[in-house]
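Student: Take 688 as the starting number for the sequence shown in the numbering used here and just add one per residue.
Even glycine gets a Cβ: it sits at the ideal position worked out from N, Cα and C.
Okay, here's the structure, questions in a sec.
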Amino acid sequence: VDEFVETWRERAKLMRDAPGFRDAKLHRALLPDSRFQLVNVTHYDSREAWEAAGKNQVFKASTERAAEIATPNAALYEVVVEYP
């Protein structure tokens, strides 16, 4: 997990400069038996901005290296309920 966190920090620096990028947060599970030990939540202005960022060759290579450390479960979501 710690190794993945370090690679995530590197990718976050790349994401930060992508057009349409808003923010990213990596969450670590508090319990060792949680199904997902890490959950990344990233916000972009649009799906198109997210897709364009994923096509960046440097970012893509970094993501492929990270997949050697952990199994990704990437998906897109929309906010359906928001509470302040």
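Less than 8 Å between the CB atoms is what I'm expecting for ASN727 and TRP695, so what's the real figure, rounded?
Tutor: 7 Å between Cβ atoms; contact.
Student: Does LYS712 come out as helix, strand or coil in the three-state DSSP assignment?
Tutor: Of the three classes helix, strand and coil, the one that applies to LYS712 here is strand, per DSSP.
Student: For PRO706, which of ALA736, VAL745 and ALA761 has the nearest alpha-carbon?
Tutor: Of ALA736, VAL745 and ALA761, the residue nearest in Cα terms is ALA736.
Student: Measuring straight from C-alpha to C-alpha, what distance separates ASP720 and ALA754?
Tutor: Taking the straight line from one Cα to the other gives about 21 Å.
Student: Leaving out five residues before and five after VAL688 in sequence, what residues of the same chain have Cβ atoms less than 6 Å from its Cβ?
Tutor: Excluding positions up to five away in sequence, the list reads GLN724.
Student: Over what stretch of residues does the beta strand (DSSP E) that includes VAL726 continue unbroken?
Tutor: Unbroken beta strand (DSSP E) run through VAL726: 725-731.
Student: With DSSP run on the structure shown, which of helix, strand or coil describes ALA699?
Tutor: Helix, per DSSP.
Student: Can you tell which of LEU717, LEU763, LEU713 and VAL768 has its C-alpha closest to the C-alpha of GLU693?
Tutor: Minimum Cα distance to GLU693 is reached at LEU713.
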